[in-house]
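Residue numbers (the working numbering): 1353 to 1648.
Reading through the C-alpha cells given below for one structure.
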C-alpha cells in the first residue's frame, strides 16, 4: 500500500511539474507559433521575389527552380531554429547543427565528383557559353548541343552519336562555339605549279568563287600564298559561309573546289601532284637495267 501511495505521489508531482512548466512556457509556445507562421509567409514571399531576380540572370528552368528552392529552404531553416530557440531547446539546435555538419562533410567526400559536375553546371548556366542548338567543340567532341543539364551536357555529333559530357569537363576545357557569330569560315588549301603566274592564279581563283551561293556578303573572300612546297606553291583561300550548320559549311567547300578546278582547267593552271624519284641500290641512282631485276 505504501508503494502505491509513493508511486501516486511521484506521478502527481511529475504531472504538477509538467503543468507548471507548460504554463510557464505557454507564452513561448504562442510566440513560437506566431514566429513560425510569419516565417513561413515571409519565406514564401522571398521565394517569389528570388524567382523573378534569378530569372533575369539565367534562362535555365531547372537551375532557377533549384536556386529558389534553396533560398526558400534556407529561410524555413532559419525560422525553425528561431522557434526552437524561443522554446529554449538550444541543446537540440546544437545537436542538429553538429549532425548536419558531419553528414554534410561525409556527403562532400562521397559525392565530390557529382558535386563538381553540379557546381560546374550552375556556373555554365550563368555564363551561358552556348545554348541548345549551337554547334560547339568540347575537348575532342564536336556536334550540336541537344541538352544542357545541371550535371552534364548532351551533344549530337555529325556522325549521329549522342555524347554525354560531364559539366566538370565542359567548364574546365576550352569551348569552341561555331554558332555564336552565325557564320563559319572555310579555309581551303590549294597548290599550283611553279610554272604558273601567281598574279594570274590570284585573279582566276578569286573570280572562280566570286558571287558563289552561300557566302557572306559582308565578309571579303581572302587568299594568301603560304609556302614553297616540294612540288607546288601553296596558298589558302578563306571563305565565310553565311550559316554555321555543317551541311552548308561542307557544301560551300565542295562548290569552291569544283569552281576552282573548272577555272584552272579553262586557264591552263596546273594543280601538280607529288613527284617521287625511285632509286635502286644502296647508293641510289642505279638504273633498273643495272639492278638485274625484271619488271613485271
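Don't be surprised by glycine CBs; every beta carbon is placed ideally from N, CA and C.
Status (buried if at least 16 other CB within 10 Å, exposed otherwise) for residue i
{"i": "residue 1363", "result": "exposed"}
{"i": "residue 1653", "result": "What is shown of the chain runs 1353 to 1648, which leaves residue 1653 out entirely."}
{"i": "residue 1567", "result": "buried"}
{"i": "residue 1584", "result": "buried"}
{"i": "residue 1385", "result": "exposed"}
{"i": "residue 1422", "result": "exposed"}
Beta-carbon spacing of residue i, residue j below 8 Å
{"i": "residue 1488", "j": "residue 1498", "result": "no"}
{"i": "residue 1420", "j": "residue 1387", "result": "no"}
{"i": "residue 1504", "j": "residue 1564", "result": "no"}
{"i": "residue 1587", "j": "residue 1601", "result": "no"}
{"i": "residue 1336", "j": "residue 1474", "result": "With the chain represented from 1353 up to 1648, any question about residue 1336 goes unanswered, as that position is not in the structure."}
{"i": "residue 1558", "j": "residue 1573", "result": "yes"}
{"i": "residue 1531", "j": "residue 1486", "result": "yes"}
{"i": "residue 1406", "j": "residue 1416", "result": "yes"}
Residue i versus residue j: straight-line alpha-carbon distance, rounded
{"i": "residue 1381", "j": "residue 1478", "result": "43 Å"}
{"i": "residue 1623", "j": "residue 1472", "result": "50 Å"}
{"i": "residue 1516", "j": "residue 1429", "result": "36 Å"}
{"i": "residue 1390", "j": "residue 1509", "result": "53 Å"}
{"i": "residue 1383", "j": "residue 1438", "result": "8 Å"}
{"i": "residue 1648", "j": "residue 1541", "result": "Legend: pLDDT at residue 1648 = 46, less than 50; position of this residue unreliable, value from coordinates given subsequently. Approximately 38 Å, taken between the alpha carbons."}
{"i": "residue 1646", "j": "residue 1552", "result": "Because residue 1646 sits at a pLDDT of 48, beneath the cut-off of 50, its placement in the model cannot be relied upon, and the following sentence gives the value as read from the coordinates. Rounded to the nearest angstrom, the two C-alpha atoms are 46 Å apart."}
{"i": "residue 1539", "j": "residue 1589", "result": "6 Å"}
{"i": "residue 1612", "j": "residue 1494", "result": "29 Å"}
{"i": "residue 1570", "j": "residue 1536", "result": "13 Å"}
{"i": "residue 1619", "j": "residue 1496", "result": "41 Å"}
{"i": "residue 1617", "j": "residue 1562", "result": "17 Å"}
{"i": "residue 1404", "j": "residue 1466", "result": "28 Å"}
{"i": "residue 1408", "j": "residue 1490", "result": "27 Å"}
{"i": "residue 1483", "j": "residue 1578", "result": "37 Å"}
Nearest-angstrom beta carbon gap, residue j and residue i [assumed within contact, 8 Å]
{"i": "residue 1529", "j": "residue 1481", "result": "6 Å"}
{"i": "residue 1556", "j": "residue 1468", "result": "Contact doesn't hold; Cβ gap of about 56 Å is too wide."}
{"i": "residue 1476", "j": "residue 1522", "result": "6 Å"}
I want to know whether the region 1544-1559 touches the region 1591-1600 - three or more CB-CB distances under 8 Å. no
Kindly confirm or deny that the region 1419-1426 and the region 1393-1404 touch, where touching means at least three C-beta pairs closer than 8 Å. yes
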